[in-house]
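Q:
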Amino acid sequence: AIIIGLWLLTRMCYLIVGRSLERRRAVRRTEEGLRRALADPFRAELEEGFGMNVVDDVEALEPGLGTSFVHLPLEDKLHAEGLVHLQSKRRLLIAARRRLLRSEVAGDALLPSRLSLHIRRPNLLHDSMQALLVRPIAELLAPSMSVGFEGEQGVDAGGLSRDWFDSVARALADIELGCAPLAATAPDATLQLRPATLGRAEVDGMRASYAAGRFLALAILREQPLPILISPLICKHLLLQPIGMRDVRQFDPDFFRHRVERLLEPDGVAGVASLTCQPELRFLSAPTAARPEPWELMPGGAAIVVTEDSKTEYIRLLCEARACGEARHELTCLLHGFWDVLPWQLLSSHKVSAEELSALISGTCDPDPAEWRKHSRSTSARGQAAAQVVEWFWEAVACELAPDSRSALLRFATGASRPPAGGFADLKPRFSVEVSALGSPDHLPQAHTCANKLVLHLYHSKAQLLEKLLLAISSDEGFGTA
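Residue -14 is where the sequence shown starts when you use the numbering used here, and the numbers rise one by one after that.
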């Protein structure tokens, strides 16, 4: 008995000392990760041929018709992976991450069985970010999790954890909180990183971005959809996928229209210089609300004049700066924090797309068809046939589409797979359905995501409408500009 007692005591001391050392190492690793992130700022990769033309992105294939009307082979459209297998893909990711974790730790005995968080609600964001930074990854990924709020009674059977994820996500995007790293709205109405101010606040802002990255990854692995919508560009960066012209246009339509498209016109350099009231266009970024003073796009860029021969390189640098430059260091910290918890290699090996990653973070809640229709409007071609198409559409939404397909349809038409927190009444501009007299029943529906508008055609039956709708939402085609 004495021997067994000594063995148990020794084992307990071993575990206590081991976990204490792990927490100290975790703090050092976090600081090292921050230093690496700041020493090597992230730069987005661009698709091949970026900046040379926009033939594939503008509605130039048929007069008055968008790219959604291109007739792709049926098998290619049906091959596009939607959100149907999203939950099974998430489970595969969780299992793969646990296997990787076991291979990283000296022994299973050092793997914590539970992540326990004790949070003060008045200090919700600070306490949560601090916990995410100092806890070892193995502890963050423990099999079970419990959350307790100081001064509140209750045992966490899952509800308090869901409350914590939901509350922290909202706090991350709360513009009233000066330390909220995601409290900046991109031109496409999604959330992006807010540049940190100078001084001590800048250091804290980098740590907050690092912790926010860990939080987003943890939400995926804990199967907790968040009530926020992250910028699609951030999702692509998390996957290390190259960005294309279409991504930039969707992110900031005004910038794309007034800068990029004008530059691609004949004598576009002179045109943009005149538009911006400059005698010459130089390798400087475009001013934004967050950074009104332009910065050099390359060493000595302020002295380098853009010419028609060099404008492709200028467009590439200009768009990369628009996508990442406002908060490059904060973005780098968020990416490294995310990859600490969920390495990008796992996402890549499981072929997770940017759309799927967005759905893994934000969820795919089933939009309520009745509420959706109540807060929508129709701007259709005149006649009974057009009215019938609209009626068929709403019947299909309510009765024919599965929940995942409804979410995919909402994302196709608005860019978001879930309605705003306040429901469809808060969707601005209001969702609209238009039946166009242009084109033919063979054409796919077209989406104008900036205007939350879906354009249908004079289909002959509800079955044909449903077929075309499913083809459109299962592919990357169909996005138009307002």
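A virtual CB, placed ideally from N, CA and C, is assigned to each residue, including glycine.
Would you identify the three-state DSSP class for A158, choosing helix, strand or coil?
A: DSSP, reduced to helix, strand and coil, places A158 outside both helices and strands of the structure shown, so it counts as coil.
Q: Does DSSP classify A45 as helix, strand or coil?
A: Its pLDDT being 35, under 50, A45 is placed unreliably in this model, and the value from its coordinates should be taken loosely. Looking at A45 - three-state DSSP - the assignment turns out to be coil, as it is neither helix nor strand.
Q: Spell out the partners DSSP gives K438 in its beta bridges.
A: S417, H433
Q: K453 and P430 look like a contact to me (Cβ under 8 Å); what is the Cβ gap, rounded to whole Å?
A: 6 Å
Q: Using beta-carbon positions only, say whether P279 and P272 come within less than 7 Å of one another.
A: yes
Q: Excluding five sequence neighbours on each side, which residues of the same chain lie with their C-beta closer than 7 Å to the C-beta of D42?
A: Caution applies to D42, whose pLDDT of 40 falls short of 50 and renders its modelled position unreliable; the model cannot decide the point.
Q: E281 bridges to which residues according to DSSP?
A: L269
Q: Can you tell me whether DSSP reads L201 as helix, strand or coil?
A: helix
Q: Might you give, ordered along the chain, the residues of its own chain that have their beta carbon closer than 7 Å to the beta carbon of A256, omitting 5 neighbours on each side?
A: Per the sequence shown, residue 256 should be read as Gly rather than Ala. R247, E250.
Q: Measure the CB-CB distance between E293 and A287 and report whether it falls below 7 Å.
A: no
Q: Quick one: what's got a C-beta closer than 8 Å to V119's C-beta in the same chain, skipping five residues either side?
A: R8, A11, V12, T15
Q: Alpha carbons only, please: which of P26, L206, L443 is nearest the one belonging to Q369?
A: Comparing Cα positions, the closest option is L443.
Q: What is the DSSP secondary structure of V132, reduced to helix, strand or coil?
A: strand
Q: Considering just the uninterrupted stretch of the beta strand (DSSP E) at L102, what are its terminal residues?
A: 99 to 104
Q: If we ignore side chains and look at the alpha-carbon of each, how far apart do L(-7) and V90 end up?
A: 22 Å
Q: Is it buried or exposed, L145, if we count other Cβ atoms within 10 angstroms and call 16 or more buried?
A: buried
Q: Spell out a yes or no on whether the segment 303 to 318 and the segment 22 to 31 are touching, meaning 3 or more CB-CB pairs, one atom from each, closer than 8 Å.
A: yes
Q: Helix, strand or coil: which one does DSSP assign to V337?
A: coil
Q: Can you check whether the CB of G198 is closer than 7 Å to the CB of L36?
A: In the sequence under discussion, the amino acid at residue 36 is Gly, which differs from the Leu named in the question. No.
Q: Please determine, among A22, R76, F200, L102, the residue with the shortest C-alpha to C-alpha distance to V326.
A: F200
Q: Tell me the DSSP secondary structure of V290 in three-state form.
A: strand
Q: For D25, does the count of other Cβ atoms within 10 angstroms reach 16, so buried, or fall short, so exposed?
A: D25 comes out exposed.
Q: Relative to the C-alpha of R204, which candidate in S343, P166, P97, F268 has its C-alpha closest?
A: What sits at residue 204 in the sequence shown is Ala, not Arg. Of the listed residues, the one whose Cα sits closest to A204 is S343.
Q: Over the uninterrupted beta strand (DSSP E) stretch that includes S459, give me the two end residues.
A: Looking at the DSSP string, S459 is not in any beta strand (DSSP E), and its letter there is neither H nor E.
Q: Whole angstroms are fine: how far does the CA of Y299 sit from the CA of E208?
A: Taking the straight line joining both Cα atoms gives about 42 Å.
Q: When the Cβ atoms of the segment 236 to 245 are set against those of the segment 100 to 109, are three or more pairs found closer than 8 Å?
A: no
Q: Mind reading off the beta-carbon distance from A339 to Q226? Whole number of angstroms is fine, and I expect it under 8 Å.
A: 6 Å
Q: Identify which residue in Q115, P352, G348, R391 has its Cα closest to the Cα of D151.
A: Considering only alpha carbons, the answer is G348.
Q: Assign C318 to one of two classes, buried (16 or more other C-beta atoms within 10 Å of its C-beta) or exposed (fewer than that).
A: buried
Q: Quick one: which unbroken beta strand (DSSP E) runs of 3-plus residues sit fully inside the segment 303 to 387? Chain order, please.
A: 361 to 363
Q: If I'm right that L316 touches F378 with Cβ under 8 Å, what's the distance once you round it to whole angstroms?
A: Actually they are not in contact, since the Cβ atoms of L316 and F378 sit about 39 Å apart, beyond 8 Å.
Q: Only counting the same chain, and skipping five residues up and downstream in sequence, which positions put a Cβ closer than 7 Å to that of V418?
A: Non-local beta-carbon contacts of V418 in its own chain, meaning distances under 7 Å to residues more than five positions away in sequence, involve S361, S363, V375, F378, L439, L441 in chain order.
Q: Among the residues of its own chain, which have a CB less than 7 Å from the CB of L223, if the five just before and after it don't count?
A: L320, F323, W329, L342
Q: Can you grab the Cα-Cα spacing for the pair F268 / V291, in whole Å?
A: 6 Å
Q: Check the DSSP bridge columns for L31 and list the partner residues they point to.
A: Per DSSP, I228.
Q: How would you call K336, buried or exposed, if buried means at least 16 neighbouring beta carbons within 10 angstroms?
A: exposed
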